[in-house]
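Just so you know, the protein sequences line up as chains A and B, in that order. Going letter by letter, the first sequence gives residues 265 to 613 in the numbering used here. Going letter by letter, the second sequence gives residues 577 to 1142 in the numbering used here. Note that CB positions come from ideal geometry on N, CA and C, so glycine has one too. Every value quoted in this text rests on a predicted model; they were computed, and no experiment measured them.
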Amino acid sequence: MKCKNSLVPLTRAALIGAALVTAAAAQAQAQAGEVNLYSSRQPFLMKPLLEAFTDETGIKVNMVYMKKGMLERLKSEGRNSPADLILASDIGNLHNHDKAGLLQPIESAILSANIPAQYRHPSGNWFGLTARARIIYASKTRVKPGEVTTYEDLADPKMKGRVCIRSGKHVYNISLLASIVVAKGTEGAAAWAKGLKANLARKPQGNDRAQVKAVFQGECDVAVGNTYYMGKMATNEKDPVQKKWAQSVNIIFPNQQDRGTHVNISGAAVTTAAKNKANAVQLIEFLSGDAAQKIYAEANFEYPVKAGVALHPMVASWGTFKADKAYLSRIANQRIVASKLVDQVSFNN
Amino acid sequence: MTKPWRQSWGRLDLWAVGTVVFAVISAVPVMAVIYLALTPGDNIWPHLVSTVLGGYIATTITLMVGVGSGTLVLGVGSAWLVTMCRFPGRRLFEWGMLLPMAMPAYIVAYVYTDILEFAGPVQGALREVFGWSSKRDYWFPEIRSLGGAITMMTLVLYPYVYLLSRAAFLEQSVGVFEASRSLGRGPWRSFFTVALPLARPAIIIGLYLVLMETLNDYGTVDFFAVNTFSLGIFDVWMNMNNVSGAAQLATVMLVFVAVLVLGERYARRKQRFHNTSTKMQPLPGFPLSGALRYLATAGCLLPILLGFVLPTLVLLAYAHRHYDAELTAEILGHAGNSVKLSVLAGAIAVVIAIVMTYGARIKGGPLLTAANRIAAMGYAIPGAVLAVGVLVVLGGLDNSIDDFARRHFGLSTGLLFSGTIAAVTFGYLVRFLALSLGTVEASLGKVTPSMDGASRSLGRGAFATMRLVHLPLIRASVLTAVLLVFVDCMKELPMTVILRPFNFQTLATFVHQYASDEQLGEAALAALSIVGVGVLPVILLSLTIARSRPGHGAEPAAAQPIGREA
């Protein structure tokens, strides 16, 4: 395994003179067909995409995967940061990096053509690459058709003791709550969170998949989760019991009669410190192109942002839905408010 | 400690200088966290105080008390039994008690959740047998709870207490204990009034290590949805995008720990713990009677079964089901990285610990004692927050060098330390120095200062005295220190993730990318590798430690009639 930055041994670093030469050499090498990536998306998800990129362009992709500390690392490394771009699995992450001044605007005709305006920053500071809807999973046997059609229904007293959801502090739930803050104001969102809390069948725990499992096992009747988990469970050959979990629920896209279903994105952005900016832009363009969008759709059951890219047949079978059109940056701006609301209603206790 | 031969501060002493330098270097990242706490940001306190802070504190203290008492009972109890008594399986338990140590707490948490949750096999079987259908039909303890977290952490953390208490009992002179027995005190009273108080510094250090691990745990409490203080720190940091608020919370936690530590030291300020006799007789090996023998065996066996054997079997089953040849080859490379880093950090940490504790011993004085305390602070801060401190320090250093080079030589040096293996190693040292310092210090404190005096008056210098007198006496604890740091580095996750170079994986980071998505199956083989690599040195060292005690033969001596010279 080659570790570009790991080759400066402790001892040599003491001798600044020698280190000067090493660093200069390392930098010269970096110019020749590399791109450096900090990613909060898991390596095993990105691997097929990045390999396809290297095959096509010859550009080598180096990666560090981290969920926490990316922003602080970019900040402390400053203009010398080796990272050319970041990948994030949530709008909040992209938004925070942007607010910290760590991202630079990119103009690219390809990106503008591939990615609808609502899924990218107006000046090109970040670009959405895939979309995922936060939906309701409802038990096929215990939830009547039409009984639950909106996020608001989850907070209705009729659902008392029937709802499962992961931690209110998870980024996906914070974003969902932030979208409700945008739609109904802080008071309205607080009332919703309180109502939902009162309906929970158990203390918030586990990931999205675990909620569907709980519906299957009869702990609760409805659960909240991202769309792609359904695909992952329904096709899980290594752990076939998950297929049963998936078969036990229907998918409900909430709020089709009004604002639409909350949609979050995973996305990419070029750092202000980028040394290989052209390569970084090329990588984002590749990820927004037909071939990569198809991989996202097929391997991870996500919604491609590029129009005309075929959905995975299973995802297609769920039908089309109306997405909440609230601008993602507005939602991201309400994340801190949402996070405090979770504390105020003691959601996780 | 009084040192009649203490030299004046007149000339520069290498030991003292080394002690101070190491303390400063390892304290800088902690200072950076405190600095972050002082940078302006949203004032998070009114919100926290009016909502969740009380809950965080109550939960954290309950967790600490629970894990603390659990590990004390299991750790001290088993250490006493295997060191001083004879019962079936004792020889196996000597090292077997350490096995759960190689298990990362969050892995055990995942495994037990799979087994014990509503959808798991145990409750499934109960429902089958008794015909229950829903959750409302019966009561079953909720694994994802505070009680569950206490149990999981106790199971994997008690070996810290065991290891240190056992080392203390082994290094203890049997004479005092026998004196107590011959004066008519029973074995229990002698244990509580003589052996236990004498082992207190070591036991306290073991307990301290346990409590720090508990306080800073993120993986287990996050998975179990137990809202502790450390979970709160991450919430403020990530969800409220407020790193200075998070650093403030971390600083409060640091102060809390400092008060605990100073309080304990103050409480035993007048006490001395060195052995007054240099005679090391064979340990007595009290035979236990009838039912007691089997009770002892069961008591030692249970934590090993629950903390090691069962989780290992479950992981083996997962690894078998998810076997993937390509991943297996990858894992070998990651294992190499883990071992290299952990060995490096373990070796450096113990050398630093010897220099620092010995420096404080021979030079004395409040400055060097404080240096030892300060160097150990990193352990009291959650790993990811400390990693940010390391980022700030190394980034600042790198960029200063770069600015300097640009200005004077017209070229850029880029980042020399940030994002290198050196950065990760530095992070490990800052975080885990407390482990080696505590272990070595407890052991060195038992060597009576009159030995130093004798050696020095016979013309040996400070270095020769350490090499010829102290090192042989504290060898077991030096090995223990290396082991502790090694095993903790093998399991270390947050600092590795944040500080590592490109394309660099350790076993722990590899496990993390799957485990964070609750895909334990894919991660099972790597998790087993962490355990496997950690277990080997644990066993070897445990055997070495047992052998290192003068007079402690391969087979415990037959019971000595109490009161007679061996």
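Taking 9 angstroms as the cut-off, the beta carbon of B/G922 is found closer than this to the beta carbon of B/L1059.
According to DSSP, B/V828 shares a beta bridge with no other residue. For the 9 angstroms CB-CB criterion, B/A925 and B/Y1004 form a contact. Judged by beta-carbon spacing, A/A352 lies beyond the 9 angstroms limit of A/S403, meaning their Cβ atoms are not closer than that value.
Contacts with chain B (Cβ-Cβ distance below 7 angstroms) from the region 514-543 of chain A involve no residue at all. Around the beta carbon of B/D978, 16 or more other beta carbons lie within 10 angstroms, which makes this residue buried.
With a cut-off of 8 angstroms on Cβ pairs, the region 379-397 of chain A is in contact with the region 518-534 of chain A, counting three or more such pairs.
The distance from the Cβ of A/A465 to that of A/V427 is about 6 angstroms, consistent with a contact at the 8 angstroms cut-off.
Contact annotation: in the region 332-346 of chain A, residues whose CB is within less than 7 angstroms of a CB in chain B are K332, G333, E336, R337, S340, E341, G342, N344, P346.
With the criterion set as a beta carbon lying under 8 angstroms from some beta carbon of chain B, the members of the region 404-437 of chain A are S431, K433, V435, in sequence order. Rounded to whole angstroms, the gap between the alpha carbons of B/V833 and B/G644 is 14 angstroms.
Straight across, the Cα-Cα distance linking B/E718 with B/L612 is about 38 angstroms. The region 1050-1120 of chain B is shown to contain no whole beta strand (DSSP E) run of 3 or more residues. Interface residue (Cβ-Cβ distance to chain A less than 9 angstroms): B/W813 is classified as such. If you compare the alpha carbons of A/Q511, A/H434, A/K458 with that of B/F799, the shortest gap goes to A/H434. Contact annotation for A/P307 against chain B: Q1089 [CB-CB distance below 7 angstroms, chain order].
Residues of chain B with a Cβ closer than 7 angstroms to the Cβ of A/V328 are, in chain order, R1076, F1078.
The three-state reading of DSSP puts B/M816 in coil, since its state is none of H, G, I, E or B. Using a CB distance cut-off of 9 angstroms, B/S758 does not count as an interface residue toward chain A. Distance from B/A771 to B/L740 at the Cβ level is roughly 14 angstroms; contact not present, criterion being Cβ atoms closer than 8 angstroms. Residue state for A/N540 is assigned as coil, using DSSP reduced to three classes. For A/D319, the closest alpha carbon among the candidates A/F550, A/V601, A/E566, A/V569 is that of A/F550. Between the region 693-706 of chain B and the region 722-740 of chain B there are fewer than three C-beta pairs closer than 8 angstroms, too few to call the two in contact.
Sequence-ordered contacts of the region 999-1033 of chain B with chain A are nonexistent [C-beta pairs closer than 7 angstroms]. Between B/L825 and B/G808, the C-beta spacing is below 9 angstroms.
Among the residues facing chain A, B/L991 is included, as its CB has a counterpart in that chain under 9 angstroms away. Put simply, of B/T873, B/N815, B/P773 the residue whose alpha carbon is nearest the alpha carbon of A/I355 is B/N815.
Counting along the chain, the unbroken alpha helix (DSSP H) around A/I438 starts and ends at 435-463. Around B/H623, the beta-carbon contacts reaching into chain A at under 8 angstroms are K604, D607.
The three-state secondary structure of A/K508, taken from DSSP, is helix. Judged by their CB atoms, A/Y415 and A/I400 are nearer to each other than the 9 angstroms cut-off. Shown here for B/C661: same chain residues with a beta carbon closer than 6 angstroms to its own, the five before and five after excluded, namely F862, L864 in chain order. Rounded to the nearest whole angstrom, the C-alpha separation of B/R1032 and B/P1025 is 11 angstroms. About 7 angstroms separates the beta carbon of B/V919 from that of B/F1062, a gap short enough to meet the 8 angstroms contact definition.
Between B/H896 and the set B/G1014, B/L1096, B/A634, B/L650, the nearest pair of CA atoms involves B/L1096. The three-state reading of DSSP puts A/N471 in coil, since its state is none of H, G, I, E or B.
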